[in-house]
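Residue numbers (my numbering), protein chains in the order written: chain R, 485 to 578; chain H, 1107 to 1354; chain D, 24 to 350. Glycine is no exception: its CB is placed at the ideal position from the N, C-alpha and C atoms. Have a look at the structure below, then the notes.
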Amino acid sequence: MTATTPLWEVFIRPRNGLAHKHVGSLHAADEVMALQSARDVYTRRGEGNSIWVVPSAAITASDPDQTAENFEPTADKIYRHPTFYEIPDEVGHM
Amino acid sequence: MAVFEALLELADDHLILGHRVSEWCGHAPMLEEDLALPNMGLDLIGTARTLYDHAGKLEGKGQSEDDLAYLRDEREYRNCLLVERPNEDFAHTMLRQFYFAAFMRPYWLAALNSTDEVVRGVAGKAEKEMAYHIRHAGEWVIRMGDGTAESAARMREAVDALHIYVDELFDSSDVAQEAEAAGILPVRAALRADWDKTVEQVFAEALLEQPQAAFAQRGGRQGIHNETLGHLLAEMQVVHRAHPGARW
Amino acid sequence: MYSQGLIGADGRTEETPEFLERFQRRIDAEEKIEPKDEMPEGYRRTLVRQIGQHAHSEIVGMLPEGNWITRAPSLRRKAALLAKVQDEGGHGLYLYSAAETLGVSREEMTEELLSGKAKYSSIFNYPTLSWADMGTVGWLVDGAAIMNQIPLCRCSFGPYARAMIRVCKEESFHQRQGYEIVMTLAQGTPAQKAMAQDSLNRWWWPSLMMFGPHDADSQHSDQSMAWKIKRFTNDELRQKFIDATVPQAEYLGLTIPDPDLKWNEAKGGYDHGPIDWDEFWRVVKGHGPMAKDRIKARKKAWDDGAWVREAALAHAEKRRARKIAAE
């Protein structure tokens, strides 16, 4: 079995004013080559003007088994949304 | 016509190196490099195309970029010897790329002041491309030079093999000198200090030493090439020449 | 480019009926499945196999077209072909990444390819013998690939679907550049036109085989359709491809090499002659004319590149050590 070259996650900012967005991953031995490869692989058609690379191993993800306990309790807190409150039309846009 | 011929020298350098780099496509050491190498090849071929087109127009005999690329023999090709050297291995390929880009970056920066509008246009695009080639090939030279015992040995071999082709980069042929005098192209000899600095920095990190001056090989600008160029051209031109006058 | 219908995947699974039913409900509701979600083992295995085969096809697919980069007859064509073959490499990379989310490494998949254990699309085991093949491969092989890939953008597995969206976006130029090459030849000298016709003669049937066996003979279609890994059957996609391609060939004045090809008004599509499935299975099983050479070329690239990859890793280790020492 050959030694494995580490995996990196690539994030690209399409243009100033937007957030970096995950676009895919690649393999590189270190962060310098990871950035260059991200440029060569993921920006061949003018996809962006800024790149982040993050070692995939550095990402901590929420557990899918805890999806319900993490995200369902928020569903009934409808008072967090503006439409929960009744404002007469005469008052105008608020 | 001196400017026409001087532009051909420059265009030939880019096409031949672009062709060499394109030979890697599908055979690189890792998939990421299968994408990086064509990017560099496409930069070089793109520059060659603009230069051929411009040269043909200046000559005024109706020669297209393809006429110039596909219908000249090795004695008529004017590229320097460095760019025609075979790929050999990844160490040779990256060092060749690094040497060439380390020369072309300051060349194009100086050409931003050319009296020729098309040359200025090419320079504006190509200086950025060469800056990236220096970085990408340079980082690989560093990794191979300061990697494993095998990679370091291969890198030293590449340095030994290629350094005899470096000096020719700084020579200006008679036609190039005319174009330089007219302010169309930059003076090659003036770029040595820049090249040395770029190479010294990377070699220091790569734990490589520049060999002592050896007898430099020259002749490309007079059409005196290594035998390898004829084979490259035979392959490149075979389809085009088999169908004279055809459109593709 | 694309792998043909999945070959040899084992969709069997051993979970409880309740679990499978729950999973199927998510699929039926068009929910996407993400890598860490619970999924039947058969679903995972099928995807690893299919995405792997697809990735391998892209990588091996670089070779037949790469064969002509150095001989492209104009600089414009040379640049376009180089960019296209580069794209295939990119597509392989995106797909390996999608498979890696399921816990299999690119190195493992590569070794399966090189050992002959993993399959790839049989189309790439045919040789490219003339410049016209660059046109035909783009037109027919990429055309067939697009038929296959567009529905995969809606595949139930999120990372695969996302990779395919990127692939399809990039791929849109491939078929057009291929068709333009064939068109230029078809409108060119008699020798060029003959080159185009010869190429179509050689690539037509292998292109139809890319969609895989007839539905009646396809072992894994049903489960893959139920899991929405696959959205259309092999025969449906093949029919769409033929119906789209025949008028394109007519426009070029080229003849499709099938004497039985004719319009069927009742079904609103073309009927075609019998496909040589013996040839198909022969090529799938590794007896295609270029099969040995393709794997040999990939193995050479991988083996010759080993010292480069090792150097990069060794250097990274030194950088890390230096950084720690400096802190």
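| Asked | Found |
| --- | --- |
| Apart from the five residues just before and just after I583 of chain R, which ones in its own chain have a Cβ nearer than 7 Å to its Cβ? | Outside the shown range of chain R (485 to 578) lies residue 583 of chain R, about which nothing can therefore be said. |
| Closest by CA to L1215 of chain H, which one among H:S1257, H:Q1203, H:K1231, H:E1223? | H:K1231 |
| What does the alpha-carbon distance come out to for the pair V83 of chain D and A503 of chain R? | 36 Å |
| Considering I265 of chain D, what are the terminal residues of the alpha helix (DSSP H) in which it resides? | 257-275 |
| Could you check whether the Cβ of L502 of chain R sits closer than 9 Å to any Cβ belonging to chain H? | no |
| Does the region 1308-1318 of chain H come close enough to the region 1246-1257 of chain H that 3 or more CB-CB pairs lie under 8 Å? | yes |
| To which residues of the same chain is D1252 of chain H closer than 6 Å at the C-beta, ignoring the five residues directly before and after it? | A1312, L1313 |
| Would you identify the three-state DSSP class for W154 of chain D, choosing helix, strand or coil? | coil |
| Quick check on E1245 of chain H - is its C-beta less than 9 Å from some C-beta in chain R? | yes |
| Does DSSP put K505 of chain R in a helix, in a strand, or in coil? | strand |
| Considering just the uninterrupted stretch of the alpha helix (DSSP H) at Y293 of chain D, what are its terminal residues? | Looking at the DSSP string, Y293 of chain D is not in any alpha helix (DSSP H); the run it does join, the beta strand (DSSP E), is 292-294. |
| Given 8 Å as the limit, tell me if A1208 of chain H has its C-beta closer than that to any heavy atom belonging to the ligand GTP. | Absence of the ligand GTP from the depicted structure is noted, as is the absence of any ligand whatsoever, leaving it without description. |
| Going by DSSP, what residues sit across from F180 of chain D in a beta bridge? | D:I56 |
| Since P539 of chain R is in the beta strand (DSSP E), which residue starts that stretch and which ends it? | 534-539 |
| Expressed to the nearest angstrom, what Euclidean distance is found between the alpha-carbon atoms of I1330 of chain H and R1324 of chain H? | 8 Å |
| So the candidates are H:R1226, H:T1153, H:D1222, H:Q1203; which of them puts its Cα closest to the Cα of W1301 of chain H? | H:Q1203 |
| Using the Cα positions of R523 of chain R and H114 of chain D, report the straight-line distance between them to the nearest angstrom. | 15 Å |
| Using the Cβ count rule (16 or more neighbours within 10 Å means buried), how would you classify I252 of chain D? | buried |
| For I571 of chain R, does the count of other Cβ atoms within 10 angstroms reach 16, so buried, or fall short, so exposed? | exposed |
| Figure out for me which residue from H:P1350, H:G1168, H:A1287 has the closest Cα to the Cα of A1217 of chain H. | H:A1287 |
| Does chain D have any CB closer than 9 Å to the CB of F1204 of chain H? | no |
| Which value, in whole angstroms, describes the spacing of the CA atoms of E302 of chain D and P312 of chain D? | 11 Å |
| What is the rounded straight-line gap between the Cα of S1257 of chain H and the Cα of V108 of chain D? | 28 Å |
| Quick one: which chain H residues come within Cβ less than 9 Å of Q215 of chain D? | H1349, A1352, R1353, W1354 |
| Please classify T1199 of chain H as buried or exposed, where buried requires at least 16 neighbouring CB atoms within 10 angstroms. | buried |
| Ignore the nearest five residues each way along the sequence and tell me which others in F234 of chain D's own chain have a CB closer than 8 Å to its CB. | Q27, G28, A167, M170, N171, N257, D258, L260, R261, F264 |
| Restricting to Cα atoms, I'd like to know which of D:V164, D:R342, D:V127 is closest to F147 of chain D. | D:V164 |
| Should S509 of chain R be flagged as near chain H, meaning a C-beta pair shorter than 9 Å? | no |
| Who are the Cβ neighbours of F1196 of chain H in its own chain at under 6 Å, not counting the five residues just before and after it? | P1135 |
| Can you tell me which of H:L1201, H:A1320, H:Q1307, H:L1187 puts its alpha carbon nearest to the alpha carbon of L1275 of chain H? | H:L1187 |
| Between A1259 of chain H and A334 of chain D, what straight-line distance do the alpha-carbon atoms span, to the nearest angstrom? | 11 Å |
| Spell out whether any CB of chain D is found under 9 Å from the CB atom of V537 of chain R. | no |
| By the three-class DSSP mapping on this structure, what secondary structure does V494 of chain R have? | strand |
| Using Cβ-Cβ distances below 8 Å, what residues of the region 303-336 of chain D are close to chain R? | A329, R332, E333, A335, L336 |
| Where do the ends of the alpha helix (DSSP H) carrying N287 of chain D lie? | N287 of chain D -> not in any alpha helix (DSSP H); beta strand (DSSP E) instead, spanning 285-287. |
| For L510 of chain R, name the three-state secondary structure that DSSP assigns. | strand |
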